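See below for the structure under consideration.
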């Protein structure tokens with residue numbers, strides 16, 4: 001007999017009525033999932049149908065014969081814009097994450113002139129309704145010769161993604177003990193050496209989290225894509241929008257196109273979902 | 289050498305680049321937009337003009353029936369807040385029952401939130417399609433309505449339809465926020481309460497729900513921001529139609545600015561939206577930050 005008190009979690013006996021309750025809970029859970037997934041089910045089944053079948057059969061029914069026509073045809077329509085979207089997303093996400101990380105590092109670990117003001121301006125920008133800067137932005141981007149170019153959209157996503165990224169990184173960097181930074185300083189490292197040698201290697205999870213979050217938000221974005229691009233430089237969201245407008249009765253094409261557009265996000269969700277959810281949580285903390 | 293010395297004395301100097309970008313693209317742009325709204329930039333002209341033109345566009349805005357429809361619809365979208373909070377809270381409580389498959393459940397109900405509004409707009413426009421959409425098919429299968437309803441094709445039903453779809457997209461996210469709030473209540477506090485003989489509903493009421501205030505203000509802020517900025521989803525699903533029945537302020541701003549080249553008017557609408565954000569969001573953030 002050891003002297004240590006063995007702390008057991010408090011566990012109640014489960015009476016019958018609570019067991020019934022658990023069954024009810026499971027039923028509610030299953031019904032909720034079915035309800036939430038209903039649109040996805042219809043999207044997938046319809047995307048495998050032919051155009052006539054999509055129009056005439058019950059939208060929930062399984063396709064009589066699985067047809068990949070809609071996938072092939074819609075990919076043909078979307079492929080250029082998917083490439084455009086990949087370039088813009090990678091550029092915009094990497095850029096805003098880099099700037100956000102640098103700003104958050106400076107703001108959370110150092111004092112400098114106007115740091116309070118800078119932080120205030122950054123935080124307030126999170127709540128900016130983009131409509132309120134669209135006209136000046138259009139003028140600026142046109143004056144720079146970046147209208148309807150990938151570079152222009154990348155610049156836009158870097159700038160307007162930065163406030164959110166900074167705010168998310170600040171939350172993560174505040175967990176780095178100041179003593180660690182001080183010790184490195186005593187060892188003769190400058191702030192940016194410390195950033196490179198200590199902060200970045202120790203916060204890869206934070207970086208991946210913000211990157212995944214930013215990647216999905218740039219990929220999914222439509223307003224900037226529509227107003228600052230859309231002819232030569234057409235992101236996939238706009239291409240899908242136009243395809244839906246042009247093929248308003250071909251639901252199999254619309255659904256297959258939607259799936260192409262969702263695929264990168266879905267892959268991220270499946271393989272890096274943990275980080276994406278962490279990012280959503282960090283975003284929620286930021287917004288309060 | 290002198291540059292290096294200066295840099296050593298001011299190590300945070302590189303931050304001037306993001307700061308400059310931020311100030312120009314956000315704050316200078318906001319001021320510029322304010323000026324555009326009172327400038328003499330003519331309607332339907334791509335040629336910018338920056339002389340003072342008075343407040344005629346604001347006067348025009350308050351006389352414009354489309355503006356009032358858009359404002360009403362924008363405020364109507366705030367209904368997603370109580371709906372998402374209620375459903376989100378119930379789902380979060382369900383997730384807290386220690387049932388098997390909870391994390392899979394969480395991932396599945398959160399999935400809609402990860403998707404582009406363009407995708408969810410496309411899918412829901414089809415769901416609501418009167419003849420070949422899912423919802424009417426189900427109504428028919430269940431024998432509720434043989435005709436089916438018009439949903440987004442009808443002036444009266446379009447806003448409720450949009451709200452239902454948005455609740456579908458956002459409630460999983462709200463549930464996630466609440467669930468994290470519930471999990472932040474220390475387990476030993478709950479165990480102590482159980483030892484003292486408290487039963488579950490009482491623990492929830494006295495211990496868990498009060499701890500959710502922070503989560504609630506986050507959720508409210510996010511949903512309110514969405515309601516105010518709502519463009520992508522509505523643009524994809526209805527383009528503000530039928531007629532102007534689902535115009536919101538961002539949709540009206542887009543139509544005036546980018547379809548009619550009515551830049552000064554668009555700027556005025558956007559500034560009204562900005563004021564709305566300041567009036568509605570600032571108190572929430574102030575209130576929740578003050579308590580921290």
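Protein chains in written order, with the numbering used here: chain A, 1 to 288; chain B, 289 to 580. Positions of the beta carbon are idealized from the N, C-alpha and C atoms, including for glycine. Since the structure is predicted, the reported quantities are computational estimates derived from the model, not experimental observations.
Asked                                                                                                                                                                                            : Found
Step through the CB atoms of chain A and report whether any lies within less than 9 Å of the CB of residue 302 (chain B).                                                                        : yes
Only counting the same chain, and skipping five residues up and downstream in sequence, which positions put a Cβ closer than 7 Å to that of residue 155 (chain A)?                               : 146
Applying a beta-carbon distance threshold of less than 8 Å, which residues of chain B neighbour residue 36 (chain A)?                                                                            : 396, 397, 399, 400, 456, 460
For residue 567 (chain B), does the three-state DSSP call read helix, strand or coil?                                                                                                            : helix
Where does residue 420 (chain B) sit, in a helix, a strand or coil, going by DSSP?                                                                                                               : coil
Whose C-beta lies closer than 7 Å to the C-beta of residue 506 (chain B) among residues of the same chain, with five residues either side of it excluded?                                        : 465
Answer yes or no: do residue 432 (chain B) and residue 440 (chain B) have a C-beta to C-beta separation smaller than 9 Å?                                                                        : no
Residue 134 (chain A) and residue 227 (chain A): beta carbons closer than 9 Å?                                                                                                                   : yes
Using the beta-carbon of each residue, which ones in chain B are nearer than 7 Å to residue 103 (chain A)?                                                                                       : 303, 306
May I ask you to report which of helix, strand or coil DSSP gives residue 327 (chain B)?                                                                                                         : strand
Are the C-beta atoms of residue 39 (chain A) and some chain B residue less than 9 Å apart?                                                                                                       : yes
Apart from the five residues on each side of it in sequence, which residues of its chain come closer than 7 Å, Cβ to Cβ, to residue 125 (chain A)?                                               : 163
Taking a contact to mean a Cβ-Cβ separation below 9 Å, would you say residue 561 (chain B) touches residue 235 (chain A) in this structure?                                                      : no
Taking the C-alpha atoms as reference points, what is the distance between residue 48 (chain A) and residue 407 (chain B)?                                                                       : 17 Å
The alpha helix (DSSP H) that contains residue 31 (chain A), what's its start and end?                                                                                                           : 16 to 47
Within 10 Å of its beta-carbon, does residue 131 (chain A) have 16 or more other beta-carbons around it, so buried, or fewer, so exposed?                                                        : buried
Report the residues of the segment 307 to 320 of chain B with a CB closer than 9 Å to any CB of chain A, ordered along the chain.                                                                : 307, 309, 310, 311, 312, 313, 314, 315, 316, 317, 318, 319, 320
Starting from residue 142 (chain A), follow the alpha helix (DSSP H) in both directions and report where the run begins and ends.                                                                : 131 to 143
Are at least three pairs of beta-carbons, each pair with one atom in the segment 242 to 252 of chain A and one in the segment 169 to 187 of chain A, less than 8 Å apart?                        : no
Is residue 122 (chain A) closer than 9 Å to residue 167 (chain A) when the C-beta atoms are compared?                                                                                            : yes
Please go through the segment 444 to 494 of chain B and give each complete alpha helix (DSSP H) segment of 4 or more residues, from N-terminal end onward.                                       : 446 to 471, 475 to 483, 488 to 491
Tell me the DSSP bridge mates of residue 340 (chain B)?                                                                                                                                          : B:327
Using 9 Å as the threshold, is the C-beta distance between residue 426 (chain B) and residue 60 (chain A) below it?                                                                              : yes
Here's the rule: buried if 16 or more other CB atoms are within 10 angstroms of the residue's CB, otherwise exposed. What is residue 429 (chain B)?                                              : exposed
Helix or strand or just coil, what does DSSP make of residue 502 (chain B)?                                                                                                                      : helix
Using the beta-carbon of each residue, which ones in chain B are nearer than 7 Å to residue 181 (chain A)?                                                                                       : Result: empty, since nearest Cβ-Cβ is about 12 Å, beyond 7 Å.
State the CB to CB distance for the pair residue 269 (chain A) and residue 261 (chain A), rounded to an integer number of angstroms; the pair is presumed to be in contact (CB under 8 Å).       : Incorrect: roughly 14 Å between the Cβ atoms, too far for contact.
Could you compute how far the alpha carbon of residue 2 (chain A) sits from the alpha carbon of residue 382 (chain B)?                                                                           : In this prediction, residue 2 (chain A) scores a pLDDT of 46, lower than 50, which makes its location untrustworthy; no coordinate-derived value is stated.
Identify every run of the alpha helix (DSSP H) within the segment 391 to 443 of chain B, keeping only runs that are complete inside it and at least 4 residues long; order them along the chain. : 405 to 415, 422 to 429
DSSP on residue 1 (chain A), reduced to helix/strand/coil?                                                                                                                                       : Caution is warranted here: a pLDDT of 43 is assigned to residue 1 (chain A), below 50, making its placement in the model unreliable, and the coordinate value is therefore given only provisionally. Coil at residue 1 (chain A), not helix or strand.
Please determine, among B:495, B:467, B:469, B:468, the residue with the shortest C-alpha to C-alpha distance to residue 479 (chain B).                                                          : B:495
Just to confirm my understanding: we take residue 286 (chain A), look at its own chain, exclude 5 residues before and 5 after, and list those with CB closer than 8 Å. What are they?            : 126, 164, 167, 168, 171
Hey, does residue 146 (chain A) have any beta-carbon neighbour from chain B nearer than 9 Å?                                                                                                     : no
Measure the alpha-carbon distance for residue 540 (chain B) versus residue 534 (chain B) and round it to whole angstroms.                                                                        : 10 Å
Could you check if residue 31 (chain A) is buried or exposed, using at least 16 other CB atoms within 10 Å of its CB as the buried criterion?                                                    : exposed
If we ignore side chains and look at the alpha-carbon of each, how far apart do residue 503 (chain B) and residue 469 (chain B) end up?                                                          : 6 Å
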